Structures are given as structure tokens and as C-alpha cells.
Amino acid sequence: MSDISRRSFLKFGACVAGGLCASEALGEAAAPRETAARPALTTVLPYPRLKLAHATQLKTGVELRLTYPDKESPISLLKLGKKAINGIGPDADIVAYSRLCSHMGGSLNFRPSAGEFQCPLHYARFDAAKSGLIIIGQATDNLPQIQLHMDRKGDIYAVGILGLVYGRRANILG
Amino acid sequence: MSKIFHGPDRVPIPPRDAEQFTTVCSYCIVGCGYRVYKWPEGKEGGPKPAHNALQVDFTRQQGAQTGTWISPAMHSVVTDRDGTRSHVVLLPDADCVVNRGNHSIRGGTHGSVLYAPDRPTADRLSHPLMYRGSTQLPTTWQEAIDLSAHVIKAALDKWGPDTVAMKCFDHGGGGGGFENNWAVGKFFFTGIGTQMASIHNRPAYNSEVFAAGDAGIAALPSAYLDAELADTIVLIGANSYETQSIYFLEHMLPNLTGASLVKKQQLLPEEPHAAGRMIIVDPRRTSTVAIAESAAGTANVLHLQIRNGTDIVLMNALSRLIYEQGWQDQAFIDGRTKNFDAITTTNLAQDLEEATKLTGISNAQMMQAAEWIAKPKASNIRRRTLLLYEKGLIWGLKNYENVASVVDLALLTGNLGKAGTGCGRLGGHQEGYSRPNYPGKRPPVNVDEVAIKGGASKVFWVAGCNPVGGTLNAQQFRITLEKRTALVNQALDETAGGTMERRVAAILDAMEQGGLFLLVQDIYPIDTAKYAHVVFPAAQWGEMNLTSINGERRLRLYQKFMDPPGVAEPDWKIMAMMAQRIEHLYRAEGNRDMAVRFSGFDWQTDEEVFRAAAVGVAGAQEDYGETTYAMLKAIGTNGVQTPIKKIEDGKPIGTVRLYEESGRFTFIPAKWPGYPEPISKLMNDERYPFWVNNGRANHGWQTLYDDQRKPYVMGREPLPFVEIHPEDASKLELANGDLVELFNPHGSVTAMAVIVDSNRPGHVFMLFEHPKGWLNSLTTGYVDPDTTIPYYKGTKAGIRKIGALPEWQERLTFIPTNQA
Chain Y
1 MSDISRRSFL KFGACVAGGL CASEALGEAA APRETAARPA LTTVLPYPRL
51 KLAHATQLKT GVELRLTYPD KESPISLLKL GKKAINGIGP DADIVAYSRL
101 CSHMGGSLNF RPSAGEFQCP LHYARFDAAK SGLIIIGQAT DNLPQIQLHM
151 DRKGDIYAVG ILGLVYGRRA NILG
Chain X
1 MSKIFHGPDR VPIPPRDAEQ FTTVCSYCIV GCGYRVYKWP EGKEGGPKPA
51 HNALQVDFTR QQGAQTGTWI SPAMHSVVTD RDGTRSHVVL LPDADCVVNR
101 GNHSIRGGTH GSVLYAPDRP TADRLSHPLM YRGSTQLPTT WQEAIDLSAH
151 VIKAALDKWG PDTVAMKCFD HGGGGGGFEN NWAVGKFFFT GIGTQMASIH
201 NRPAYNSEVF AAGDAGIAAL PSAYLDAELA DTIVLIGANS YETQSIYFLE
251 HMLPNLTGAS LVKKQQLLPE EPHAAGRMII VDPRRTSTVA IAESAAGTAN
301 VLHLQIRNGT DIVLMNALSR LIYEQGWQDQ AFIDGRTKNF DAITTTNLAQ
351 DLEEATKLTG ISNAQMMQAA EWIAKPKASN IRRRTLLLYE KGLIWGLKNY
401 ENVASVVDLA LLTGNLGKAG TGCGRLGGHQ EGYSRPNYPG KRPPVNVDEV
451 AIKGGASKVF WVAGCNPVGG TLNAQQFRIT LEKRTALVNQ ALDETAGGTM
501 ERRVAAILDA MEQGGLFLLV QDIYPIDTAK YAHVVFPAAQ WGEMNLTSIN
551 GERRLRLYQK FMDPPGVAEP DWKIMAMMAQ RIEHLYRAEG NRDMAVRFSG
601 FDWQTDEEVF RAAAVGVAGA QEDYGETTYA MLKAIGTNGV QTPIKKIEDG
651 KPIGTVRLYE ESGRFTFIPA KWPGYPEPIS KLMNDERYPF WVNNGRANHG
701 WQTLYDDQRK PYVMGREPLP FVEIHPEDAS KLELANGDLV ELFNPHGSVT
751 AMAVIVDSNR PGHVFMLFEH PKGWLNSLTT GYVDPDTTIP YYKGTKAGIR
801 KIGALPEWQE RLTFIPTNQA
């Protein structure tokens, strides 16, 4: 890791998706724990803090298909290669989204050329650089975005979700 | 929080004992069925199937397309008049044959627009308002109705019926229904007797399809099933993915992908079948084109990118090509039509070279379209072609001949009254029209020009529409309203505290000077209401029982499930209050004849009005005969397709498609008339080089009257967009998201540039109704002189870059919508 990107990590590393940069998160990031105190989210749902990947595992434009907050909720972790709303990392371009279309739960395809997610069921499309903003389609909300946090080592954690994942009454099942 | 809107991360689910209702979407013609659940605040269903009304296991992730997922936008907490707070959920009905649990972005966000005093709908009109002291202040129904009744009566007595003008909804669904339409019609036509009437989106009281009517074809002759059975679907001037979304997704797409082949073989076993093809006539490459191509393959979709205003030429060229090949349905022409000879020298004489030059469509493409429409299938069996048109045609160059040229093509090819065929409107809003006859002649008077700008009327009542942005040539309309209503403001100010007699006399004096007394009846404080002297708060969908039909004439009961805000009332009741007050005033002075005209408004329930309105639909496509609310309640969201043939064991028996057994049709000659003078004047002026086409977009409904309360929708579209071709954008030095001004001698408007090659260079497409930029400021006053329908889709303008709005540019997406 070069010095420049190391400094950038320090600058951006404590920012969670959602635009919150909690200063106390710095200390927390230095000693990552699976059950660390959550950053100030608007929810009271018990979101788990789960490690998704290390920054070096991400290749620009290639999605990592993972799950969060549980195995039944597929997500896509991406390095877009351009600054994204709520993006994290030195280039503010690392984002993650639910892979279930917020219209009727179709499995979304990521298209790197356009930087969008597309649903094969009813052709909904969401902008991956704009917090899942709907481009066109019949969904009733923008695509749920996974709130991310990167620690100083470059480990990427999922810490919460903006919006309700398709097929649930609450993002945390039960 | 995030710069981009995201709803909450959980939603309450209905408990087992939640109250249940059925309704239909309040918005577009398709009329998707919805189930409504209502239960007290503070309670919630449990996640186990036995503990919630959906009987779904919410401890697990649901699979795709279950039709049992409640999104947060489908939920609200409402407060009824007795102060009770309740959760309400509006869930697309998986058992409704129209939508099968599917929903559009518009209908699926209905939870966001239920009235709630602590949500963005808090600005609903809750009490009557009256102009007082240079502003509008809340008042009682009694004062608002009393002053208005005196003014209307005085104007009527002094100048006669045409002194009272109206521009009112004629919708089904959210804006009206048979109940409200009947009351409006009875008041203005039986009571007032005015010719100065106009329908919400146009300057006159007319059909938008006079030509189809003259040919003997109702506006909505086919069933959605026909789109699943057709060999070829032709969409003319319609962007159905965005404007009839669920008709397109649930009934057209399964045909294009071959998913409906089984149904074809079952219902039509005697002939060969293949996956359907689609022809789309549109000057713009829309999302509908892209999605159809993605679903069917580009070899099975033909986009005819027609030049603005040349529909008649194209339709006639297709008719000629088909006739020259001998592909016409001679048996149909001989047995069920008349006046064929009249089109031989007009439609069928269309010069083909000229057609290519005018339309911009090659002869080869035209020939391919002709084949897909009419070239017989194997064993010489006729193709089944469904021809569907909407505003791109209706609001085109010349309404009457535009529609006639399509109707003639359908008659020539026998595409009517058979499975998989038809020729009708796709539709905008739902239908629920029932009114006494309009007292005017045809072509009807242009109310904007004669009554409002021309001064012939002195009272103007606007209900359920927003003409200051929605009517043609809207900037001039606004200027007139402002001037004329100000004179009455002055009269009201000068007589504050005075007797009714003195106030009415002052208003009449102002009217002599050109003053206009304006009443606005709506659910929201719309732009037109800014100029009003009296504002009446109306109930909306869900706050009264109403009935309407969808685009395949499917009649359903939309149940009341909550109270209107404050003292708001259903439109029919407001009309009744006014009629009864005027009746009383006439009786008091012994004028029995006039009193009788305003009598008969003493309905007590929504259903009484529904039954009264049955007389207005007798013999029409929406004839519902003896149907009652109880019968409709029993058949829920599937309802019954009108006309109702009979009632059997308390169940109405309807009609799947029209003209299967009877009907004789008339060919109507259609010749391209060239561009009208107001347009050719702009065409010959180099200051206005851009053709400005316009229309709706997926994420909003009409004037965005509801959508302005949906943060999700307004986050996508805070300003109207204008699509500009990259070549033009480069000349204008524009970037995506730049604010531009469009201008011509009729007015000017701003819009946000979206750079995309969806239109030909020199042609732009703007969102047609947005309260932060009314496209109609640019439209000319031109209407088809035979129908008084405007050429909304065609005007020309200059475009000037204003500058960038970086904050919005960052939050918006500019990835083209017309990809799939």
C-alpha cells in the first residue's frame, strides 16, 4: 500500500455508507470486533457487523456476490472505479447493494459498462453510483444500499441497510 | 442521512383481524386490483403465518413475485375524523386477473399519498377557502357555497347559461368515477345548461376519438387477453412500459416472449401460432422499444421512428401496401363495413415516395410493417393484429384524420371483434363517464379561447384538473386568469363585511369590466387554485365508494376505507350542495322552472348516485344496467367487463370483447392536411429550430399532483427533463443536468437537459406536466377545427443554456432510460 492511499484510508476509512463520519469510529476501527458498537444509524434493528472482504479482493467493475445480514439476503459488493454516493475507500467508490429487486424480488444483474443493476423480471434498473437510485422501473423504493465501513487495515464491514430488502417485513428476520 | 431517498427498513404487517377492503389503483387506465388492510395503530401482525392476515411466514425470506410482500410505500398511518389512528396497507392483488400481484411504481406507492396530518400529504385541502384580504383563508361550507351560489345565479340570470364555464375531470379511478361524473354533468348540463364546458385535459367538451365513434367503434373494444393472443401488436403513439405498465408487462410481454403460446393453442386451436411481434410507431426510441426488443429479439420488433405530425401519411401508406398485395379482409369489408369506396381515392392513393419523404420511414420498413399486420399466416389464415393507439396519435397533427387513418387500417384488415384483434385506445386515466348530454354542438366551442381568453364567460369552475399548466398555450391562459380574477379580488376587497346583495353587485360590476369569478375544487392546493376566489376541498379515492372501468371495460367497486381530511366531501356532494342552494334561491323568488333544473340532487349515499348514473351509460360501452354495489363487492377486484348483458342469480354477466356478434362499421377518408399555420410559422422561423415532442414518464402520474408528496418520486425528478440529442447538446455546449430555457413566441419554460439519442437530431422530448416547468407554456393555440382537440405533441422552440445545478446533478441519474 502506498503512502498516498494509506493517508486516504485514514481520511475515508471511518465513514460509513450514509455519509456519516463518526469520529469515535476511528478507535473502534483500530480494534475491529464482530459486535462493535454500531455507528449512529436511524434504525434500532440489531444489524450485525459482518466482514465482507478486504479491499484488495475487489477488482474494478467486478461484483463480489455475498450475503448480508443473513444467508437468505444476497448482496453485491463492488468497486465502481468512480466516486459513488455513500461510497467508501480511498476513491469513495466501494458500494454494496441488495441483489433482490425492490419491485418483486428478481435477481439483479450488475452491468459494469453502465454501472447499473438490471432486473430481468420487469426491467427495473438502478444506478450503482447513486445509492441505488432508480433509473427506470416499477420498484416502489430505490435499491436498498448496504452501509459499509472500512477499517484501517482495509477490511470492509457491512453494518446496516438503507431501505427495506424485498421479501421481508424487517431487514432482520424473526 | 443519505443524499438519496430510502424508505424505512421495516414495515408493519396486518394482524389476522385487520379489516379488509378491495379497491383498484387510482391512477392509470389499466386499473390493477389492490387489497386494503386496516388495523388500529399500536397493533401489528406477528411474523408466523397464523399471526398475520397474509398468512405468510415472515420469519423467512419470501421468494420473488409472491405478491405478498408489503413495501414501505404501500403503508401509511391515517387518522379518521373521530381521531382514530390506523395502519393502512394497500397490497397489489395476486388474484386479480389484470395485474396478478404486479404493480407499477405509481400504484405501488399509494401508501405515500393517503391523507395523514403528519406526513407529506398534510397539505391536502381540508376546509373551503375564500379570497379575503389579498389571500385565501379557511371558511365554512355555508359561506363558500352561499356566496358562490349567489354569484352563479346572478350571472346566469343576467347573461344566460354560457356565462358559466367549467373545466372538469371526466375520469374513472381517482379523479372521478360514475358517481362524481354524473353529479358534475347533472349540475352543468341539466342545471346551468352551459356550452362552455371542457374536459380536464383539453379546451372543449368532446370525444378524443370522434373518428372512431363515427366509424362505429367504441374507444375500448378489446380485452387485455387479446394482447396475449395477437400475432402482432401495433402501438401507435404510446410508451406502454411507462404509461400502461402492467398491461404491457403482464399481457403484451408474455406474448412477445412466447409465454402465452399455450394459451393461444388452447383458445385458437385451428391455426398456426408463434410468439407475437410488435410494431411501435413513435418519433422517439422509448424504453418500450428497448424492452420489447430485449424480450422478443430485435427481429420481432419494428420501431417506426416517425417524423412528428405524419401519422396519417404512414397509416395510409400501410393501407395502400396491404391493399396492393391483396392482403385486405375482403369478407369483412363486404359483410361488415360501408363507405370503402371513399378511401380508395384518399388513404389508398397515398404516394409511397412522398410517404417516405414525409415520415422518414423507408419503404422497406413500411413493407415489413404491412407484412406483420396483414400478410396471411400459413394455410392462408389471417393474422390477428391488435392496433392500439394513444396520445401520440390523439394529440397529433390533426386529431380526426389521425384516428380515422388507424381505424381504416383496422377495418381494411378485419381486425375487430375477434380474439387477438382490435382497434382502440390504450387510454390514460380510467373511465367512469356518465353524464346527461352536453348541450353544445359539434365541433364544440373552444372554452379556453372563447370563454376565458375571449371573455364570454364570467364564472369559471375548475374541478379535478390543473389547467394553468395542463392546457394548451398555458402561459397565455395564466396571464388571462391573473388579469380577470384580479378584478373580482378588488370587488371582494372593497365590499368586505358588506351584505350579500352588495358583494354580488360589486362582483357583477367587476364582471362587466372583464372580471372572472373562479371556483376551484380539488384535493390539493394546485397552481390553478392560486387565482381562485373560492376553493372547495374534495374527497379522494379511498375516502368514498366509487366505481369505474379500466381499459378492457372492467367494472369494479373501489371501496371507501378512510375518511376525507377535515370537512372535505366527495365531488358529487359538493355539486349537490351548490345545486340545492341555487334551487333554494330560485324557489325563494318563485322561479319554479329554474328551481326544477337544479332539483334531484338529494342523494344520501354514493350508491344512490351510482344508480342514478346508470341512465347516462345505457347502450354505451360502459353500460352497467342494474348492477349494484353489493353485486360488485361480491366479485371484488376482478369485477365484470361492461356492457352488462344480464344479471343472473344476482351476478352481472358482461362482455369480454365488443363486436364479436354484431356491429357494422364505416370507413372514414383521411388525407394528410400538411402543417397548420401556427406550426408552419414556427417551422419557418430559424429562432425556433427544435421540434418539441412531449409525454409522460414512468415514475409520475399526470400533473404529479400526488407524486409531489412522494419523496422517492421527487428525488428522481425534481425538475422536468428534456431529452436532447448529443449532436444538438454539443452545439449548445450542454452537459447532462444543465438547466435550459425553451422558448417561442407563446411562452417559455425551463427544464433539465438529459443528453440521449432517443430522438432525431433537431427533435427534443420534454416531460409534459411538471409543476416546476409546464411544457404547455410552449404549445400553440392550434386545435383540429373538426374536433377541437389540440396538437399538444407538436410545437417548436429555441433552446438556451442557463447553467449547471451541481447539487441536483450529483443526486440524479443520467443513465438513459431507453435501454433494457
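Residue numbers (our numbering), protein chains in the order written: chain Y, 1 to 174; chain X, 1 to 820. Cβ atoms here follow ideal geometry from the backbone N, Cα and C, with glycine treated the same way. Values in this document were obtained by computation on a predicted structure and should not be read as measured data.
- Going by DSSP, P40(X) is part of the beta strand (DSSP E) stretching over 33 to 40.
- If you draw a straight line from the Cα of L778(X) to the Cα of T795(X), it comes to about 7 Å.
- When C-alpha distances from A620(X) are compared across T413(X), G600(X), E608(X), Y659(X), the shortest belongs to Y659(X).
- I789(X) carries a coil assignment under DSSP once its states are collapsed to helix, strand and coil.
- Contact annotation: D606(X) and Y629(X) have beta-carbon atoms nearer than 9 Å.
- Neighbourhood of M150(Y) in chain X, by CB distance below 8 Å: empty, with the nearest CB roughly 18 Å away.
- Where K357(X) is concerned, the enclosing alpha helix (DSSP H) starts and stops at 352 to 359.
- Interface annotation, A92(Y): not in contact with chain X, CB-CB separation never under 9 Å.
- Close partners of M74(X) in chain Y (Cβ separation under 9 Å): T140.
- In this structure, the CA atom of I306(X) is about 5 Å from the CA atom of P283(X).
- Taking 8 Å as the upper bound for CB-CB distance, Y123(Y) and I291(X) are in contact here, some 5 Å apart.
- Of all residues in the segment 146 to 174 of chain Y, only I161, L162, G163, L164, Y166, G167, R168, R169, A170, N171, L173, G174 place a beta-carbon less than 7 Å from a beta-carbon of chain X.
- Restricting attention to P46(Y), R125(Y), S98(Y), L77(Y), the CA atom closest to the CA of N818(X) is found in R125(Y).
- Positions of the beta strand (DSSP E) runs, each at least 3 residues long and wholly inside the segment 458 to 509 of chain X, are given as 459 to 463 in order along the chain.
- Against chain X, a Cβ distance below 8 Å from K130(Y) picks out I4, R811, L812, T813.
- Using a Cβ-Cβ cut-off of 7 Å, L249(X) is close to H122 of chain Y, given in chain order.
- T788(X) and L472(X) have their alpha carbons spaced roughly 11 Å apart.
- The segment 533 to 561 of chain X contains no complete alpha helix (DSSP H) run of 4 or more residues.
- The Cβ atoms of L108(Y) and L78(Y) do not sit closer than 9 Å to each other.
- Assigned with DSSP and collapsed to three states, G803(X) falls in strand.
- Taking all protein chains in view, the Cβ of V262(X) is surrounded by fewer than 16 other Cβ atoms within 10 Å, so the residue is classified as exposed.
- A Cβ-Cβ separation of about 4 Å places Q521(X) in contact with A463(X) under the 8 Å criterion.
- Taking a Cβ-Cβ cut-off of 9 Å, S98(Y) has no neighbours in chain X, whose nearest Cβ is about 11 Å from it.
- DSSP, read as helix, strand or coil, puts W691(X) in strand.
- Under the Cβ criterion of 9 Å, G137(Y) is counted among the residues facing chain X.
- DSSP places L229(X) in the uninterrupted alpha helix (DSSP H) bounded by 224 to 229.
- Annotation note: the segment 555 to 636 of chain X contains no uninterrupted beta strand (DSSP E) run of length 3 or greater.
- At a cut-off of 9 Å between C-beta atoms, I75(Y) does not count as an interface residue with respect to chain X.
- Ranking G276(X), K3(X), I29(X) by CA distance to the CA of G174(X) puts I29(X) first.
- With fewer than 16 other CB atoms across the displayed protein chains lying within 10 angstroms of its CB, Q142(X) is exposed.
- For N86(Y), the chain X residues whose C-beta falls within less than 9 Å of its own C-beta are S2, K3, I4, listed in chain order.
- I312(X) is classed as buried because its beta carbon has at least 16 other beta carbons within 10 Å across all chains shown.
- For a Cβ distance threshold of 8 Å, residue set I815 of chain X lies close to E116(Y), ordered along the chain.
- Under the DSSP assignment, E648(X) falls in the beta strand (DSSP E) whose first and last residues are 646 to 648.
- At a beta-carbon threshold of 8 Å, none of the residues of chain Y lie near I381(X); the nearest stands roughly 33 Å away.
- Within the segment 755 to 766 of chain X, contact with chain Y at the beta-carbon level (separation under 9 Å) is assigned to no residue.
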